[in-house]
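See below for the structure under consideration.
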Amino acid sequence: MFADTPATVRPRLHALPSEAETSRSRSLRAHPSNHQPSQKVPPQPPVDEDLVSRWERLRLVLVGQGLSDSEARTEVARIAAGKVWDEFADELRQHRAAGRQKEANALAVGLRSMQGLTQPILRHPGDVAIARSALGRARRRLSHNGTLLDRLQEWPNPLRRAESAFRILDAFLRLA
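Everything in the sequence shown is counted per our numbering, starting at 2 for the first residue and increasing by one.
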């Protein structure tokens, strides 16, 4: 029946998946349990003392510019959380550009875990308790999603790097 027609003109014998099925399969692929690491070794998290000293210097600069100690600490928390977010977003772009979708999905889960961290800090400048609470929520989400990824890979996952940075940042805020 189709012997004399070119392959490009043949009618489709199978229906395309519905939009709901496509959406479901996409969300299943993005789940952290589907993450498989690449062969590349990820960057190591910075040392605790390095981060604390860097944040302390930034706090002193902000206090020198006229902010109170608690306002400076919450501003440092906002800046540090933004830097962690930016690092994850940069890595996500690199993985997507290189075609490493599973690594990109893991980073996207990390970004979703950190989502909304800076909003309470911006709404309540100088309130260290609210900043610590927002950090705690982000750390719990990162810990939960990181545990799922830890079950499936050999090397430390990117969520642990962010969780470590937020743990150190929480310790910095406790110094107030």
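Even glycine gets a Cβ: it sits at the ideal position worked out from N, Cα and C.
Item to check | Exposed unless 16 or more other CB atoms sit within 10 angstroms - verdict on Leu143 | outcome: buried
Item to check | C-alpha gap between Arg94 and Ala105, whole angstroms | outcome: 8 Å
Checklist entry - Mind checking Arg124: buried by the 16 CB within 10 Å criterion, or exposed? => result exposed
Next on the checklist: Just to confirm, is the Cβ distance from Arg60 to Val77 under 8 Å?
Outcome noted: yes
Item to check | At least three beta-carbon pairs within less than 8 Å, the region 103-121 to the region 52-59 | outcome: no
Checklist entry - Considering only C-alpha positions, which residue in the set Gly147, Leu150, Asp87 is nearest to Thr119? => result Asp87
Checklist entry - How close, in whole Å, do the beta carbons of Ala166 and Gly111 come, if the pair is a contact with beta carbons under 8 Å? => result Actually they are not in contact, since the Cβ atoms of Ala166 and Gly111 sit about 11 Å apart, beyond 8 Å.
Checklist entry - Beta carbon of Ala160, beta carbon of Val129: below 8 Å? => result According to the sequence provided, residue 160 is Leu. The question's Ala does not apply to it. Going by C-beta atoms, Leu160 is not nearer than 8 Å to Val129.
Item to check | Residue range of the alpha helix (DSSP H) that includes Asn158 | outcome: Looking at the DSSP string, Asn158 is not in any alpha helix (DSSP H), and its letter there is neither H nor E.
Next on the checklist: Out of Ala109, Ser19, Ala90, Arg168, which one is the CA nearest neighbour of Ser134?
Outcome noted: Arg168
Item to check | Check whether Leu170 and Leu136 have beta carbons under 8 Å apart | outcome: yes
Next on the checklist: Runs of 4 residues minimum, wholly inside the region 51-119: which ones carry the alpha helix (DSSP H) assignment?
Outcome noted: 70-99, 102-115
Next on the checklist: Just verifying my parser: in three-state terms, what is the DSSP assignment at Arg141?
Outcome noted: helix
Checklist entry - What's the C-alpha gap between Ala132 and Ser69? => result 15 Å
Item to check | Three-state secondary structure assigned by DSSP to Arg152 | outcome: coil
Checklist entry - How close, in whole Å, do the beta carbons of Ala177 and Ser71 come, if the pair is a contact with beta carbons under 8 Å? => result 6 Å
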